[in-house]
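Notes for the one structure printed next.
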Amino acid sequence: MAFVHLGPPSMKAIGVLMTCEMHSYIEEELAKRFNLFKLWNYSSFSAFSQVHANSIRALVGNAKVGAEAATIDSLPKLEIVSTYSVGFDKIDINRCRERGIRVTNTPNVLTDDVADLAIALALTLLFRISHTVNRLCQHSAFQFTTKLSGKAVGIIGLGRIGSAIGKRATAFGCPISYHSRSEKPDTGYKYYPNILDLAANSEILVVACSLTDETHHIVNRQVIDALGPKGILINIGRGQHIDQHALVSALTEGRLAGAGLDVFENEPDVPEELLSLENVVLTPHVGSDTVETCMAMADLVIANLEAHFLGKPLLTPVV
Ligand SMILES: O=CC(=O)O
Numbered sequence: 002m003a004f005v006h007l008g009p010p011s012m013k014a015i016g017v018l019m020t021c022e023m024h025s026y027i028e029e030e031l032a033k034r035f036n037l038f039k040l041w042n043y044s045s046f047s048a049f050s051q052v053h054a055n056s057i058r059a060l061v062g063n064a065k066v067g068a069e070a071a072t073i074d075s076l077p078k079l080e081i082v083s084t085y086s087v088g089f090d091k092i093d094i095n096r097c098r099e100r101g102i103r104v105t106n107t108p109n110v111l112t113d114d115v116a117d118l119a120i121a122l123a124l125t126l127l128f129r130i131s132h133t134v135n136r137l138c139q140h141s142a143f144q145f146t147t148k149l150s151g152k153a154v155g156i157i158g159l160g161r162i163g164s165a166i167g168k169r170a171t172a173f174g175c176p177i178s179y180h181s182r183s184e185k186p187d188t189g190y191k192y193y194p195n196i197l198d199l200a201a202n203s204e205i206l207v208v209a210c211s212l213t214d215e216t217h218h219i220v221n222r223q224v225i226d227a228l229g230p231k232g233i234l235i236n237i238g239r240g241q242h243i244d245q246h247a248l249v250s251a252l253t254e255g256r257l258a259g260a261g262l263d264v265f266e267n268e269p270d271v272p273e274e275l276l277s278l279e280n281v282v283l284t285p286h287v288g289s290d291t292v293e294t295c296m297a298m299a300d301l302v303i304a305n306l307e308a309h310f311l312g313k314p315l316l317t318p319v320v
């Protein structure tokens with residue numbers, strides 16, 4: 002008798018909802034495997050859910066649009082939320098737990114890019130790269146720049162990304178210290194249990210922790226003042242880590258030397274005052290937007306969904 006290899010069961014009938022537009026690769030790869038619904042093709046979430054709520058077994062969100070309690074509650078068949086981001090602050094984790102909904106994210110694959118961007122922001126700011134390009138074109142006045150090598154770098158949050166930033170800054174000869182909930186073993190870095198002490202002892206302060214109720218506005222006016230008028234603040238975490246109002250006043254009043262920001266408090270809005278400042282470098286939340294990383298993140302989202310629907314262990318579970 003001949004054996005017929007049936008292969009893995011098709012998942013084409015499984016309804017997956019994407020909450021907003023992402024890289025075309027993830028859209029195409031999800032559409033090849035699942036019955037993909039794109040929320041942005043509907044006039045509103047309620048217009049979508051009135052017709053399709055019962056078809057959705059998985060939701061794919063990102064750092065911008067995740068799954069809040071109302072969304073989760075409107076999807077009675079939802080089994081898994083797989084976010085195309087490492088941060089899961091846009092997902093109501095407690096509601097997922099209550100409903101027995103699994104949650105996955107995309108750690109590791111984006112660590113290098115985000116750490117690279119932190120260093121790039123610092124270098125661009127200190128070497129005034131965008132200004133010197135302008136000077137080349139406009140023959141404007143010469144201004145000295147500032148070294149990165151050897152500067153004291155303080156890192157808030159020594160997780161995967163914070164550690165990768167530490168590794169890079171070490172290669173620039175920078176002494177590293179950090180603040181986090183608890184001291185990490187064997188880092189060789191100085192630990193400050195108090196963030197004000199970290200700021201007071203840093204020339205460059207980098208925000209690399211995850212966003213939680215405890216880390217909301219972890220960088221406030223006091224921390225900025227402790228960093229001081231020669232200090233540089235870099236944020237590749239979340240806009241809500243920094244009291245943006247306090248930051249703008251410090252930059253305008255000369256109480257802080259400069260800031261390199263990939264994230265903002267009310268994205269995609271960036272305050273006019275920030276846009277008009279000379280001592281900032283701003284990027285629009287692009288820390289993991291390289292082609293290579295977007296593809297690796299998409300593959301991880303899909304691998305998690307496939308594992309879930311095949312009854313296998315999730316690759317990167319949060320819940
Ligand atoms: O901000 C980006 C992410 O959380 O992956």
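Residue numbering for the sequence shown follows the working numbering, starting at 2 and increasing by one per position. Even for Gly, the Cβ is constructed at its ideal location relative to N, Cα and C.
* Asked: Less than 9 Å separating the beta-carbons of A121 and G160?
  -> Contact flag unset, no.
Checklist line | Three-way DSSP call (helix, strand, coil) for D226 in this model | finding: If DSSP states are grouped into helix, strand and coil, D226 belongs with the helices.
Exercise for review: For L262, verify whether its CB is less than 8 Å away from any heavy atom of ligand 1.
Suggested key: Not so, every heavy atom of ligand 1 lies at least 8 Å from the Cβ.
Residues near Q245 by beta carbon distance below 6 Å, same chain, minus five either side
Correct list, in chain order: E266.
Any heavy atom of ligand 1 closer than 8 Å to the CB of R239? Indeed, a heavy atom of ligand 1 lies less than 8 Å from the Cβ.
| message | Going residue by residue through the segment 129-168, where are the continuous alpha helix (DSSP H) segments of at least 4 residues, counting only ones entirely within it? | response | Look at the segment 129-168 and you find these whole runs of alpha helix (DSSP H), each 4 residues long or longer: 130-139.
Would you call the segment 231-238 and the segment 105-122 in contact, with 3 or more CB pairs under 8 Å? Three or more beta-carbon pairs drawn from the segment 231-238 and the segment 105-122 are found closer than 8 Å, and the two stretches are therefore classed as touching.
For this session: Please confirm if the segment 86-99 is in contact with the segment 58-77, defined as three or more CB-CB distances below 8 Å between the two stretches.
Result: They touch, by the three-pair rule.
In three-state DSSP terms, what is L111? Three-state DSSP puts L111 in coil, outside helix and strand.
Hey, R103 and P318 are a contact pair by Cβ (cut 8 Å); roughly how many whole angstroms apart? Rounded to whole angstroms, the Cβ separation of R103 and P318 is 7 Å, and the two are in contact under 8 Å.
Inset, instruction - Using 10 angstroms around the beta-carbon of H321, count the other beta-carbons present and answer buried if the total reaches 16, otherwise exposed. - result: As shown, the chain starts at 2 and ends at 320. That puts residue 321 outside it, with no answer to give.
Check your understanding: When burial is assigned at 16 or more other CB atoms within 10 Å of the CB, is F145 buried or exposed?
Key -> Exposed is the call here.
For this session: State the start and end residues of the unbroken alpha helix (DSSP H) segment that holds L275.
Result: Residues 273-276.
task: Report yes if the CB atom of G88 is closer than 9 Å to the CB atom of S211, and no otherwise.
output: Cβ distance < 9 Å, so G88 and S211 count as in contact.
request  = Determine, using beta-carbon pairs with one atom in the segment 15-28 and one in the segment 287-300, whether at least three such pairs fall under 8 Å.
outcome  = Between the segment 15-28 and the segment 287-300 there are three or more inter-stretch CB-CB distances shorter than 8 Å, so the stretches are counted as touching.
**Item:** Buried or exposed by the 16-neighbour rule on C-beta atoms within 10 Å, applied to E204
**Value:** It is buried - the Cβ of E204 has at least 16 other Cβ atoms within 10 Å.
(Q) Could you tell me the alpha carbon to alpha carbon distance between V110 and H217, rounded to whole angstroms? (A) Taking the Cα positions, V110 is about 25 Å away from H217.
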